[in-house]
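To convert, take the position in the sequence shown, counting from 1, and add 81; that gives this note's numbering.
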Amino acid sequence: MEPMAGKVLATIFWDTDGILSVDYLKGNATITGHYYANLLFQLREAIKEKRRGKVTRGILLLQDKAPVHRSKVAVAATRACGFGLLNHPPYSPDLAPSDYLLFGNLKQHLRKTRFRDENELRSALESYFDSCAYVR
């Protein structure tokens, strides 16, 4: 069987207690403001389900200044969900927490691995995230 070619784009929302939501973008699609806004509403539901009571105490998001995050529809969704925003300075030399906490060893873990299909890749990602003690 020929290994799959290409990339998979995953949007992962997490907190100190673990993974809250993972979304895999379909095909060659791109994330738009509307798509991201929908992810925020899904995140709110995931928080209500997995972190009871946290929505009413307030949720802060840390995200970069990507255009999709700053789009009118995404900003409106952020407000509608009741999320606050932590500022991540533009062009900051500081790494985002995901860079060292969530993805720190992922590249090494998956290096030189060939996947037959997207489902096999997703299973490997889920297995990796489950093995990370700090995101359970």
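In this text, a Cβ means the ideal position worked out from N, Cα and C, and glycines have one as well.
Computed from a predicted structure; not experimentally measured.
Contacts around residue i, its chain only, beta-carbon distance under 8 Å, and the 5 residues preceding and following it disregarded
{"i": "ASP96", "result": "ARG132"}
Identified DSSP bridge partners for residue i
{"i": "VAL103", "result": "ILE93"}
{"i": "ILE112", "result": "DSSP, once it has assigned bridges, lists no residue as partnering ILE112."}
{"i": "LEU166", "result": "LEU142"}
Local Cβ density within 10 Å of residue i, reported as buried at 16 or more and exposed below that
{"i": "LEU167", "result": "exposed"}
{"i": "LEU90", "result": "exposed"}
{"i": "GLN144", "result": "buried"}
{"i": "ARG220", "result": "No answer is possible for residue 220: it lies beyond the span of the chain, which begins at 82 and ends at 217."}
CB of residue i within 8 Å of CB of residue j, strictly
{"i": "GLY104", "j": "THR113", "result": "Contrary to the premise, residue 104 reads as Asp rather than Gly in this sequence. Against a cut-off of 8 Å, the Cβ pair of THR113 and ASP104 comes out as no contact."}
{"i": "VAL149", "j": "TYR117", "result": "yes"}
{"i": "ILE128", "j": "GLY165", "result": "no"}
{"i": "ALA177", "j": "HIS169", "result": "yes"}
{"i": "LEU124", "j": "SER152", "result": "no"}
Contact set for residue i: own chain, Cβ-Cβ below 6 Å, skip 5 residues either direction
{"i": "VAL154", "result": "GLY114, HIS115 and ALA118"}
{"i": "CYS162", "result": "LEU121 and ARG125"}
{"i": "LEU106", "result": "LEU90"}
{"i": "ALA205", "result": "none"}
{"i": "LEU142", "result": "PHE164 and LEU166"}
Neighbourhood of residue i by C-beta distance below 7 Å, restricted to the same chain and skipping five residues each side
{"i": "LYS135", "result": "ILE128"}
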